[in-house]
Structures are given as structure tokens and as C-alpha cells.
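Quick note on numbering: the sequence shown equals residues 1184 to 1620 in our numbering.
Every residue, glycine too, gets a C-beta built ideally from N, C-alpha and C.
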Amino acid sequence: MFISKALKINQNNNLEIGGCDCVELANTYGTPLYVMDENLLRENCRIYKNAMDKYYDGNGLVLYASKALCTKAICKIAQQEGLGLDVVSGGELYTALEAGFPMDRVYFHGNNKTYDELKLAIDNDIGRIVVDNREELLTINQIASKKNKKLNISFRIKPGIDAHTHDFIRTGQIDSKFGVAIENGEALEIISEASKLSNVKVVALHCHIGSQIFDLDPFKLAAKVMLEFAAELKEKLDIQIEELNLGGGFGIKYTQEDDPIEYDNFIESVSKVVKSVCSEKGIKLPFIIMEPGRSIAAPAGITLYKVGSVKDIKNVRKYIAVDGGMTDNPRYAMYQSKYEAVIADKPDAPKTQKVTIAGKCCESGDLLAKDIMLPSVEVGDILAMFATGAYNYSMSSNYNRIPRPAIVLVKDGQARTIVKREDYKDIVRNDIIPEDL
Ligand code: LLP
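This is the structure:
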């Protein structure tokens, strides 16, 4: 009945996640509270890993895209489940280092990595840097030469497929800040330049075609386009591409209307295309990488809020105000994202009214969900919002100097804090009043 299999109704008729009663969690840890179901997180990692083993003979690696939710404990879980890690900043890389994540399984993305970030990556023998642009290529070569290293590198390629919408298109993607395009010769040119540098070796290609995608076809097409480009590199530059990274972006169920594809189908379909294009073109089967983020973390997470006021503006709208908002989940404010929610002590009560969930920020656009159906709601109720495990905490802020919530990891009836709740001291931690002020 719920969109996530992490959720149940317990014998007290309350919402339960990971064997923990959501009302009790809210009372014990306070609200707002992010709650992550450990078993479901691990199961989601395993679906991808098993699919890679089953459909591609294990000749690949699944990276957890840590931008979805990056904390030391989450990195540790990804590591224990045999995944690699996609990081996109020095901060995510540092988190992985602190978590003791094996650096050879860490891949570094990003369209404007700084010198210090690249140095941190190279000093720590990161698995792969995915080069975005010419300046970065030259900086990497320079850092590697100082260290007498020859680095295997990958390139971020725009394959000319835009899958951000339900209908994917094959044009327009050239206008993206990420990577280099195939269609205007940019990609061939930069890889040719890289092949003349002494301290880097091009061994891999990467693309990422969008996020929250519900269709297999754009992934299949991306695999084909990328392999054709790999064949062109072999023919024109005698460069052997050994590794193909097809990114992440697999859609999840935020509401009952969403109809995602089983996650392992992505790996199955892509594997088939890769095998057939390689045999057709007579090229070596590459090591394959996929980078799911949202589909691993989002379904495993919920957020618990306390209702602080109910404002019924007759014939206009009914606002339910909660003690969080765009500071812990900016996704409605940014993308008008849709969510489902229930009241934690009556999760199966008939949803009889249309309400809008408002946050507590000084901002009219600070909503968490607009016009969603809920049962009657009273001040003090605990509202549980579903599928908030990805791109919530990782995109949170301290706007209005609101401290960030804690994250608890739940499993078999036990809850453990993996990120502490911020307090007001954290809020002013970096403030300085200069002595002469
Ligand atoms: N790999 C690369 C290179 C990416 O850029 C991304 C996401 C992923 C993998 C993981 O994609 P996923 O499987 O999580 O869809 N803040 C937005 C999402 C931005 C995604 C950016 N890149 C949101 O809240 O929807």
C-alpha cells in the first residue's frame, strides 16, 4: 500500500520503518528527522551488484552516486555491499577518505574541479578522474608529472541524448555545462590532445544522460553511441577504450503515479546492447560502470515532521505547516517535485482532504508538497514524508539559520544516529566578530 517496501503499519496502528515506530522515533530523536532503512539501502545496492554479475559476468562495477546522500556511514554501507563511489567534490572525496573507502573504487566527476581537489584525488591514488574539460586535463597532467605518475583517465562525453524528460530527445544536449560533445568534434579533439600528453592515458569514457528516467531506450542508445565513438577512437587515434561508464539516473516511485522499471533491467538491457555492438564492430568488451544514486538512497528514506499549525483559508487553500521545509528538502521549491505523506499514528486513515504542506522558512515558496491528499490533521501530529532518502539531506541548507536535522539509520527495530542534529552553536560556529568592529 505504501510506495516504499521499507514501510509498514505496526500493531499500534502506527507507521513503522526498519522495525521502528515512527511516532516513537519522533519522540526520541525530535523532528524534523531523516530516517534511513538500512536493509532497504543494502538491498538496493545488491540489486545492482547482482545484476552486474548476472548479466555482464561481473565485468563491471556499480558506483553509488554519493551526491544523493553522502555521509561516512552511508559510504561504509556502499563499501560493504561491494560498490564503488562516485564523488563530485573535495567534500565528498574527503567523506569517503574519512570513511576508509578504498580509493581505487572512487571515481571523481565534476565540471570544474579545483587544483586542490585534483591534488587531493591524485595524492590519494583515486581510482579514476573523469575529465571534463581542457584546463582540467592540463592540470591533471601537470600534477601527475610532478609526482612522476601516469594516470589512467576517463572523459565526460555528451552523447547527444537528452533524457531529462519522459520523452528523450537526440539533440540539444550540446548545450550542457558537462563534458565534451561528440557531434561537433570537440570530444575527438580533446582526446587526441590527451593522447599526446606524457602523464595521462585515456582508457575510459563516461556519460550521464539525465535523472529520474523511466525508459530503457535512452540508456540503450547511449551505450550504442558511446561504443561507436570508442570504435572511432580506435580507428582514428589507436586508443583502446577499456571502460565504459554509462552514469546513473534510474527513476524511482515518488508517488503512486510513478511507474519505475525494475533496477536490474537497466543493467540487463545495457549489457545486451554492449555485447551486440561490440561483436558487430569487432571491439573488445569494455568493463562497464553504472552510477545509481537516487534509486539506492531515496526509497530507503523518510522524513518525520511535527505539525505546528493548520491554516484553512476558506475557498482558497488549506496549509499544514511543519517544523522543517526547504532547508531540509528544497526539491519542491527547486523542481516542484511531488511527494506522498501520511500521518504517522493513522497511516491508513482515508485521505479525505486536499492540503498543502508548508515549511517554516520566511519564503512563500517554502512548500514541501502542494495539493496532496491527507486525512484530518491536527497540531502536534507527526507527518511522514516518503522517498526523501536522496537529494534531501545532501541539498539541505541553514537558510534562516535553521539547524539541519539528524539522520538515524534503522534496522530490525533499532535506531542509530549517523548524523547528529545541528544546534545553534553549529549555526554560529564559523561566525567571527573582528576585534576592531
Ligand atoms: N552520475 C552522474 C555523473 C550524475 O551527474 C548523477 C546525478 C548521477 C550519476 C546519479 O543520478 P541518479 O541515479 O541519482 O539520478 N538534485 C537533483 C538530482 C541531480 C542529479 C545530478 N546528477 C534532484 O534532486 O532531483
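Which residue marks the beginning of the beta strand (DSSP E) containing residue i, and which one marks its end?
i	result
residue 1517	Where residue 1517 is concerned, there is no enclosing beta strand (DSSP E), although the alpha helix (DSSP H) it sits in stretches over 1514 to 1518.
residue 1599	1597 to 1602
residue 1486	1484 to 1496
residue 1618	No beta strand (DSSP E) holds residue 1618; DSSP gives it neither H nor E.
residue 1580	First-last for residue 1580: undefined, no H or E at that position.
residue 1190	1190 to 1192
residue 1473	1470 to 1473
residue 1565	1565 to 1569
residue 1539	1536 to 1541
residue 1547	Taken as a continuous stretch (DSSP letters only), residue 1547 belongs to no beta strand (DSSP E), as it is neither H nor E.
residue 1433	Segment: none, residue 1433 is in no beta strand (DSSP E) and carries neither H nor E.
residue 1524	1524 to 1526
If you draw a straight line from the alpha carbon of residue i to that of residue j, how long is it in whole angstroms?
i	j	result
residue 1325	residue 1382	8 Å
residue 1329	residue 1511	42 Å
residue 1393	residue 1618	49 Å
residue 1547	residue 1462	57 Å
residue 1230	residue 1247	12 Å
residue 1360	residue 1345	13 Å
residue 1310	residue 1435	29 Å
residue 1484	residue 1184	17 Å
residue 1487	residue 1376	52 Å
residue 1308	residue 1225	27 Å
residue 1565	residue 1616	39 Å
residue 1642	residue 1295	A query on residue 1642 cannot be resolved here, the shown segment of the chain reaching from 1184 to 1620 and no further.
residue 1216	residue 1558	21 Å
residue 1585	residue 1576	13 Å
residue 1203	residue 1389	40 Å
residue 1562	residue 1490	5 Å
residue 1620	residue 1209	43 Å
residue 1430	residue 1568	28 Å
residue 1460	residue 1407	7 Å
residue 1219	residue 1327	40 Å
residue 1471	residue 1444	20 Å
residue 1513	residue 1578	7 Å
residue 1337	residue 1425	10 Å
residue 1422	residue 1199	54 Å
residue 1482	residue 1374	38 Å
residue 1553	residue 1541	8 Å
residue 1447	residue 1234	5 Å
residue 1232	residue 1244	8 Å
residue 1494	residue 1282	45 Å
residue 1609	residue 1193	36 Å
residue 1238	residue 1458	10 Å
Quick check on the burial criterion: 16 or more other C-beta atoms within 10 angstroms. Buried or exposed for residue i?
i	result
residue 1532	exposed
residue 1450	buried
residue 1262	buried
residue 1314	buried
residue 1197	buried
residue 1580	exposed
residue 1635	Residue 1635 cannot be examined here, being either before or after the span of the chain that is shown, 1184 to 1620.
residue 1273	buried
residue 1599	exposed
residue 1545	exposed
residue 1556	exposed
residue 1607	exposed
residue 1418	exposed
residue 1543	buried
Could you tell me the boundaries of the alpha helix (DSSP H) in which residue i lies?
i	result
residue 1374	1369 to 1378
residue 1168	The structure shown does not extend to residue 1168, since the chain is modelled only from 1184 to 1620, so the question has no answer here.
residue 1217	Where residue 1217 is concerned, there is no enclosing alpha helix (DSSP H), although the beta strand (DSSP E) it sits in stretches over 1216 to 1220.
residue 1607	1607 to 1611
residue 1409	1400 to 1420
residue 1324	1317 to 1329
residue 1277	1273 to 1281
residue 1261	1255 to 1263
residue 1477	1477 to 1480
residue 1206	1205 to 1212
residue 1298	1298 to 1306
message = Taking contact to mean 3 or more Cβ pairs, one atom from each stretch, closer than 8 Å, check whether the region 1256 to 1270 and the region 1500 to 1508 are in contact.
response = The region 1500 to 1508 and the region 1256 to 1270 do not touch, with fewer than three beta-carbon pairs separated by less than 8 Å.
message = Assess contact between the region 1516 to 1533 and the region 1425 to 1439, defined as three or more Cβ pairs (one per stretch) separated by less than 8 Å. Is contact present?
response = The region 1516 to 1533 makes contact with the region 1425 to 1439, as at least three CB pairs between them are under 8 Å.
query = Are the region 1469 to 1478 and the region 1236 to 1252 touching by the rule of at least three beta carbon pairs closer than 8 Å?
reply = Output reads yes: the region 1236 to 1252 touches the region 1469 to 1478.
inquiry  = Contact between the region 1356 to 1374 and the region 1281 to 1289 is defined here as three or more beta-carbon pairs at a separation below 8 Å; is this criterion met?
reply    = As far as the Cβ criterion goes, the region 1356 to 1374 does not touch the region 1281 to 1289, which means the pair count is below three.
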